[in-house]
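Below you'll find the structure, written out as structure tokens, and then a few comments.
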DNA sequence: TCTGTCTCCTGAGAGC
DNA sequence: TGCTCTCAGGAGACAG
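Numbering (the working numbering), first residue to last: 7 to 297.
Encoded structure:
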């Protein structure tokens, strides 16, 4: 599932595929939950526009267009933004993967889960947005306009600071894990990296936020920056659907210390990794290392 | 204001 | 083999 590192890698690798290219045509799927701007309006407004810049705000990607409007995309859980030249089994359903002959390249063809298809005037590679579970979001902002979803975002998780986290946590009774997932507190932090950061900090995810000390907040912020930077340098976590725009996988999933490792031995103390549901998310921790 | 629950969605995997 | 059920989760809406 795409969190800050995966979205940032998507931004970096999508930039050369989008910036300074004029959109010739846009195809969309039918209107659905993921379109905050009606697809018909997108099809009308986007052709003829040139993307000037691609930015990231938390887990949102913002394509800034030449006349000042901005196309906003959130990848949700299963969103994929990629080049028509990308080839990856992750871009295929399990059935299609199973039908591949040994050694056959898994090239992609737009399917029922492809919600945006950008064609460009230069007739070069197209860009697709695919999202199986439709938890992603697509929104077109007019020049000068913003949206409450963007306005409420807190500081970027890559710049997490212990003192700010401590101030946000004070007097709060929610579990510290739930606070880390709050995008108004840290934009870009998601389930995987919250679990990993709490492990590095030695703090249990279920601890009440208001009971986490200033020193522990410093350790959590430091741990979060550390896991995010490490994930960025390894291409992100390719768990389930995530794939980079060029079709490549990340490898951070091989370095996880707790997330998704329920029952495995802790790499530090050997205790069995535990799992419990906090804020409707699976939370993983080491009962030996985290207090 | 804060907190917890529900809701949206669909493929994968387990169990029968 | 095929059917049914459960699970995964980002984030807004809503109720208490």
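Cβ atoms here follow ideal geometry from the backbone N, Cα and C, with glycine treated the same way.
Alpha helix (DSSP H) segment containing residue i, residue limits
{"i": "residue 182", "result": "182 to 187"}
{"i": "residue 172", "result": "168 to 175"}
{"i": "residue 226", "result": "220 to 239"}
{"i": "residue 13", "result": "10 to 24"}
{"i": "residue 47", "result": "45 to 51"}
Residue interval of the beta strand (DSSP E) (run including residue i)
{"i": "residue 85", "result": "85 to 89"}
{"i": "residue 34", "result": "29 to 34"}
{"i": "residue 69", "result": "66 to 71"}
{"i": "residue 133", "result": "133 to 137"}
{"i": "residue 288", "result": "287 to 291"}
{"i": "residue 79", "result": "76 to 80"}
{"i": "residue 284", "result": "280 to 284"}
Residue i vs residue j beta-carbon contact at 9 Å
{"i": "residue 209", "j": "residue 287", "result": "no"}
{"i": "residue 289", "j": "residue 278", "result": "no"}
{"i": "residue 126", "j": "residue 86", "result": "no"}
{"i": "residue 163", "j": "residue 230", "result": "yes"}
{"i": "residue 265", "j": "residue 222", "result": "no"}
{"i": "residue 89", "j": "residue 132", "result": "yes"}
{"i": "residue 182", "j": "residue 190", "result": "no"}
{"i": "residue 121", "j": "residue 42", "result": "no"}
{"i": "residue 150", "j": "residue 224", "result": "no"}
{"i": "residue 67", "j": "residue 13", "result": "yes"}
{"i": "residue 7", "j": "residue 247", "result": "yes"}
{"i": "residue 233", "j": "residue 206", "result": "yes"}
{"i": "residue 92", "j": "residue 24", "result": "no"}
{"i": "residue 199", "j": "residue 237", "result": "yes"}
{"i": "residue 166", "j": "residue 227", "result": "yes"}
{"i": "residue 196", "j": "residue 9", "result": "yes"}
Buried or exposed (CB count within 10 angstroms, at least 16 for buried), residue i
{"i": "residue 39", "result": "exposed"}
{"i": "residue 275", "result": "exposed"}
{"i": "residue 34", "result": "buried"}
{"i": "residue 47", "result": "exposed"}
{"i": "residue 11", "result": "buried"}
{"i": "residue 194", "result": "buried"}
{"i": "residue 263", "result": "buried"}
{"i": "residue 19", "result": "buried"}
{"i": "residue 235", "result": "exposed"}
{"i": "residue 250", "result": "buried"}
{"i": "residue 74", "result": "exposed"}
Closest by C-alpha distance to residue i, when choosing among the options
{"i": "residue 82", "options": "237, 64 and 37", "result": "64"}
{"i": "residue 137", "options": "205, 97 and 130", "result": "97"}
{"i": "residue 188", "options": "177, 159 and 205", "result": "159"}
{"i": "residue 45", "options": "123, 90, 14 and 13", "result": "123"}
{"i": "residue 119", "options": "18, 36, 184 and 237", "result": "36"}
{"i": "residue 80", "options": "156, 190 and 174", "result": "156"}
{"i": "residue 62", "options": "78, 228, 185 and 49", "result": "78"}
{"i": "residue 141", "options": "52, 84, 196 and 113", "result": "84"}
{"i": "residue 218", "options": "52, 116 and 184", "result": "184"}
Checklist entry - Is the segment 17 to 36 close to the segment 47 to 62, with three or more CB pairs under 8 Å? => result These segments touch.
Checklist entry - Between the segment 143 to 151 and the segment 211 to 230, are three or more C-beta pairs nearer than 8 Å? => result Too few Cβ pairs lie closer than 8 Å, so no.
Checklist entry - Are three or more beta carbon pairs between the segment 233 to 242 and the segment 251 to 261 nearer than 8 Å? => result yes
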